[in-house]
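Have a look at the structure below, then the notes.
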Amino acid sequence: MKNFTTVLKIAPAFLLASSVMFGQEQDSTAKEKKIEEVVLIGYGKQKKTDLTGSITSISAKDFNPGVVSASQLIQGKTPGVQITNNSGAPGSGSSIRIRGVGSLNGSQSPLIVIDGVPQDFNGISGASDPLSLINPNDIQTFDILKDASSTAIYGNRASNGVILITTKQGSAGKLKVNFSTLASVSTKMGTVDVLDANEYKAFVNQVALTNTTVANNLSRLGSANTNWQNEIYQAGVGTDNNLALTGGIKGLPYRLSLGYNSQDGIVRTNSFKRTSLGLNLNPKFLDNHLSVNVNLKGTFTDNRFPAEGVIASATYFDPTQPIYSGNSNYGGYYEWLDPGSATGLNVNANANPLAQLDATRDVSSVWRGLGNIQLDYKFHFLPDLHFNVNAGYDYAKSNGAKTVSGLYKIGAADAGNYREYSQEKNNKLLETYLSYTKNISAIDTNVDIVGGYSYQNFYTETPYAVTYYGNRAPLPAGIDFATRNVLLSFYGRGIFTIANKYIVSASIRRDGSSRFYNGTRDNIWGNFPGVSVAWKINEEGFLKDITSINTLKLRAGWGKTGNQELNTGDYPAFANYTLSQPGAQYQFGSQYYYMFRPNIYNPILTWETTTTQNLGLDFGILNNRITGAVDLYTKKAENLLVKAPIAAGDLSNENVLNAGNMKTNGIEGNITFVPVKNETTTWEFSVNATHYNSKVTNLIQGANSSYFLPIGDISGGVGNKIQAHAVDHQPYSFLVYQQVYDTNGQPLSGVYVDRNGDGIINANDQYYYKSPQPDAIIGFNTKLNYKSWDFGFSARASIGNYVYNNAASNSSIQSLTTNNYLQNVYSSAAEYQFATPQFFSDIFVENASFVRLDNVNIGHNFKDVFGRGSSLRVYGMAQNVFVITKYSGIDPEVFNGIDNGYYQMPKVYSLGFNFQF
1253 MKNFTTVLKI
1263 APAFLLASSV
1273 MFGQEQDSTA
1283 KEKKIEEVVL
1293 IGYGKQKKTD
1303 LTGSITSISA
1313 KDFNPGVVSA
1323 SQLIQGKTPG
1333 VQITNNSGAP
1343 GSGSSIRIRG
1353 VGSLNGSQSP
1363 LIVIDGVPQD
1373 FNGISGASDP
1383 LSLINPNDIQ
1393 TFDILKDASS
1403 TAIYGNRASN
1413 GVILITTKQG
1423 SAGKLKVNFS
1433 TLASVSTKMG
1443 TVDVLDANEY
1453 KAFVNQVALT
1463 NTTVANNLSR
1473 LGSANTNWQN
1483 EIYQAGVGTD
1493 NNLALTGGIK
1503 GLPYRLSLGY
1513 NSQDGIVRTN
1523 SFKRTSLGLN
1533 LNPKFLDNHL
1543 SVNVNLKGTF
1553 TDNRFPAEGV
1563 IASATYFDPT
1573 QPIYSGNSNY
1583 GGYYEWLDPG
1593 SATGLNVNAN
1603 ANPLAQLDAT
1613 RDVSSVWRGL
1623 GNIQLDYKFH
1633 FLPDLHFNVN
1643 AGYDYAKSNG
1653 AKTVSGLYKI
1663 GAADAGNYRE
1673 YSQEKNNKLL
1683 ETYLSYTKNI
1693 SAIDTNVDIV
1703 GGYSYQNFYT
1713 ETPYAVTYYG
1723 NRAPLPAGID
1733 FATRNVLLSF
1743 YGRGIFTIAN
1753 KYIVSASIRR
1763 DGSSRFYNGT
1773 RDNIWGNFPG
1783 VSVAWKINEE
1793 GFLKDITSIN
1803 TLKLRAGWGK
1813 TGNQELNTGD
1823 YPAFANYTLS
1833 QPGAQYQFGS
1843 QYYYMFRPNI
1853 YNPILTWETT
1863 TTQNLGLDFG
1873 ILNNRITGAV
1883 DLYTKKAENL
1893 LVKAPIAAGD
1903 LSNENVLNAG
1913 NMKTNGIEGN
1923 ITFVPVKNET
1933 TTWEFSVNAT
1943 HYNSKVTNLI
1953 QGANSSYFLP
1963 IGDISGGVGN
1973 KIQAHAVDHQ
1983 PYSFLVYQQV
1993 YDTNGQPLSG
2003 VYVDRNGDGI
2013 INANDQYYYK
2023 SPQPDAIIGF
2033 NTKLNYKSWD
2043 FGFSARASIG
2053 NYVYNNAASN
2063 SSIQSLTTNN
2073 YLQNVYSSAA
2083 EYQFATPQFF
2093 SDIFVENASF
2103 VRLDNVNIGH
2113 NFKDVFGRGS
2123 SLRVYGMAQN
2133 VFVITKYSGI
2143 DPEVFNGIDN
2153 GYYQMPKVYS
2163 LGFNFQF
């Protein structure tokens, strides 16, 4: 892969040197305050004090520092929003859930809108997280729309909430320069609790006394003492550099930014590099009647991924064997041999993890350009009437290649292999709307009305990727793939503020989606209404003179939203055919022909719908030294998309159906204290908490009470699944057997409770035991500023969430040796002494409640360092400082609730410098 970032790596240094001469004073306090007072609500904005829906706004000053992916900026900052890292690999991003589980088989991610451009829910090949392609340093605010009364304006993509991201903009005036640089070192949290060499030898020798298979393999024990996990991990070095130029040229405000981020993963060979360029122009014309906002963002990322399965290999490889064999075979690494095989290798044995890393080069490069121009015209003859046009284009292209050397075990069978892939995606947007805002003094009412139209076109093109082998011809080229999804929408909203006390807001969106086209237009259109009210109690006469009460507002809302993200392609309702791939051709005579295959489809498929009711209270007292909000809500999701078994005779044995219903009840709140605020010291402390309970209320019509949908693939066995969706249970509940213990509390191998009392232990004795859904999520944040010093930390707690420890369940006495090789086991194997793996025992469903200190930072600001108005902030920071938990694995925060070869979150230590001129 070519690397095009060489020039851009050194660009920040040259730009910094050339910009020092333009040093000017930068005062952003007023600008930050103005940003905080106004919140984006979708096709408009509103004062925080006038909000009727459940909306949270987080600005740059409250972001978590030092992150690679944009979503991590707000982790733990707001109630009702759970952000879980997908992996500890740099650039891997996070999974965002707003108010719990929103779907069973459909997407559960919120709609993300960047500078007015709604994003594709799916990423691109070669990039773990689409948000990692955006430079976090370019982001100014997150506005999070949580209830349906506020998200209904986004219609059939808003059931899981909406996040509006606004990037930083230019400001008129003289040139202002900001340059920041950060250096970091990442280390691992720990290692999986397997046996060390001495413990392993002792356990193998003990078992061999009563186990013939293990006794026959005693001679295979080595004499080394190798910690394979330590061998694959490294200290990952990183740097993050950002330069921003802000100012105005003859009435043209601008902001130009350049960023370069390089981060090595804690697993060897893993790395992430991102170069970004951003430009914002926001001039005004026609005596300020025409406002123009141009946003252009470009990123280029280089990724190198570690060998697939290397963490699991390091977990289980025999610790008594050396790293190297002492000869040059298989790259010089120790491997399990079998003289009778074609390659001389034991094909069933684990591969040497270090050999896996050396053998594999898996790289990708991703280009992304996101731009939009927004025109807002204030009519000369009626200044209260605005016409807004927003045209956007989001383009991404990826190229990747994976090479496996034939010199090593994992490539020996094919004498090596090579696969190159690519993908292109584009997202076109055109939106127009009219807005009318008028204060009608005669009736003491402010009116804000919006009505508009939206067109969005998503297109993806994926060329067929051929795999080449060293010892045989590749399969013939297959068929390239392309798909498109189009959305047409009409929307409107009215907000009426009466006497600055009573606020009524109502919206509706009518969406048409090509995904539900079945040859007719019967199912493509849907309506999504929302209504909310607010009462500013503090403006009433009986409270207005009480100066200690600054804000007291009661809110209530109702709305209906949809979810069209099916995870089943863009044509699930339309009869369509796919051309067969190589290896699936039909022979006529001596020729082989590609055949068209019919795909399973559901002509009556439609989107999921979620109806939400919300009741909230906002408060602020003692000159807003104590502020907060509390929300109660109920979500009822209907027509949930379920991939379920169907009757025989169709094109497949399963199809996507609108069959499930789910109900969620929740409460969330936040409170912020400012105990100290004077000329030299400001201390702010905030807590947010969330509790929700989701239950499936219906699945397949006509099914009996024992019906369930198995999900949650695990390692071990064939096709085993450990979770299930079932009526009257939480989604993703673990479906297991109840373990039986002896009088000493020792679990008995393969012995379970006969829960139905029929004298037989079978699948009818399984029960639903816990789930990854927490009982409570809590966030803690504090900031302390004393003169030129600043200090802050953020922490999170999750209570009542459970994780299935697949690394432990996959270990038993039988796991010690099979097929003429030895492998390591989880420490519980020596403790429980299970003869065979007991994958479905509830003993492996562990309490994963935790408290995590996410970030601690301290800094000092030096004023007038390079001249009047300039400043330098020096700061140190630690991330993922510690985790308190009873969970026996490395990290209790596992997104899907199944821990198996998880790339752990690193501990990160950083030193940064921020220059302002």
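Quick note on this note's numbering: the sequence shown kicks off at 1253 and runs consecutively. Each residue gets a CB set at the ideal place from its N, CA and C atoms; glycine is no exception.
{"query": "Same chain only: Cβ atoms within 6 Å of Y1705, ignoring 5 sequence neighbours per side", "result": "T1684, F1742"}
{"query": "Exposed unless 16 or more other CB atoms sit within 10 angstroms - verdict on L1739", "result": "buried"}
{"query": "Alpha helix (DSSP H) segment containing V1562, residue limits", "result": "1562-1568"}
{"query": "Identified DSSP bridge partners for M1914", "result": "A1889, V1948"}
{"query": "Among K1887, T1772, A1601, A2060, nearest to F1826 - alpha-carbon criterion", "result": "T1772"}
{"query": "Neighbourhood of G1474 by C-beta, 8 Å cutoff - its chain only, sequence neighbours within 5 removed", "result": "D1570, T1572, Q1573, P1574"}
{"query": "Identity of the residues DSSP links to I1760 by a beta bridge", "result": "G1744, P1781"}
{"query": "Complete runs of the beta strand (DSSP E) confined to the segment 1805-1836 [at least 3 residues]", "result": "1829-1831"}
{"query": "Whole-Å CB distance - N1316 paired with D2106, under 8 Å assumed", "result": "7 Å"}
{"query": "Sufficient close CB pairs (3 or more, under 8 Å) joining the segment 1800-1817 to the segment 1289-1308", "result": "yes"}
{"query": "Between the CA atoms of L1727 and Y1670 - distance to the nearest angstrom", "result": "13 Å"}
{"query": "Continuous beta strand (DSSP E) assignments of at least 3 residues falling wholly in the segment 1379-1423", "result": "1391-1397, 1414-1419"}
{"query": "Unbroken stretches of the beta strand (DSSP E), 3 residues or longer, contained in the segment 1473-1548", "result": "1488-1501, 1504-1516, 1523-1533"}
{"query": "Nonlocal neighbours in the same chain, by C-beta distance under 6 Å from I1310, ignoring five residues either side", "result": "I1326, K1329, F1394"}
{"query": "Cα-Cα separation, Q1975 to S1355", "result": "15 Å"}
{"query": "Span of the alpha helix (DSSP H) around V1466", "result": "1464-1467"}
{"query": "Three-way DSSP call (helix, strand, coil) for I1856 in this model", "result": "coil"}
{"query": "Nearest residue (CA-CA) to L1538, options L1627, I1563, A1603, L1609", "result": "L1627"}
{"query": "Reduced DSSP category for L1325 - H, G, I as helix; E, B as strand; rest coil", "result": "helix"}
{"query": "Spatial neighbours of S1509 in its chain, beta-carbon cut-off 6 Å, leaving aside the 5 residues before and after", "result": "D1390, A1496, G1530"}
{"query": "Exposure of G1511, with buried meaning 16 or more beta-carbon neighbours within 10 Å", "result": "buried"}
{"query": "Nearest-angstrom Cα separation, counted from S2001 out to V1456", "result": "18 Å"}
{"query": "Contacts around G2164, its chain only, beta-carbon distance under 6 Å, and the 5 residues preceding and following it disregarded", "result": "L1434, Y2127"}
{"query": "Residue range of the unbroken beta strand (DSSP E) whose run includes N2072", "result": "From DSSP, N2072 is part of no beta strand (DSSP E); its letter is neither H nor E."}
{"query": "Whole-Å CB distance - P1558 paired with T1521, under 8 Å assumed", "result": "5 Å"}
{"query": "Validate contact between the segment 1869-1885 and the segment 1915-1925 using beta carbons, cut 8 Å, 3 pairs", "result": "yes"}
{"query": "From T1932, R2104, N1875, Q1421, residue whose alpha carbon lies closest to that of P1803", "result": "Sequence inspection shows Thr at residue 1803; the Pro mentioned does not correspond to that position. Taking only the C-alpha atoms, the option nearest T1803 is N1875."}
{"query": "Three CB pairs or more closer than 8 Å across the segment 2056-2067 and the segment 2081-2091", "result": "yes"}
{"query": "Simplified DSSP state of A2100, which is helix, strand or coil", "result": "coil"}
{"query": "Separation of G1954 from V1369, as counted between CA atoms", "result": "43 Å"}
{"query": "Identified DSSP bridge partners for Q1626", "result": "N1545, N1642"}
{"query": "Expected contact under 8 Å - CB spacing of V2108 and F2032 to nearest Å", "result": "The Cβ separation is near 12 Å, so there is no contact."}
{"query": "DSSP state of N2132 mapped onto helix, strand, coil", "result": "strand"}
{"query": "Pair within 9 Å by beta-carbon distance, G1811 and V1785", "result": "no"}
{"query": "First through last residue of the alpha helix (DSSP H) which encompasses S2140", "result": "That residue, S2140, is in no alpha helix (DSSP H); it is neither H nor E in DSSP."}
{"query": "First and last residue of the uninterrupted alpha helix (DSSP H) at P1962", "result": "Looking at the DSSP string, P1962 is not in any alpha helix (DSSP H); the run it does join, the beta strand (DSSP E), is 1960-1965."}
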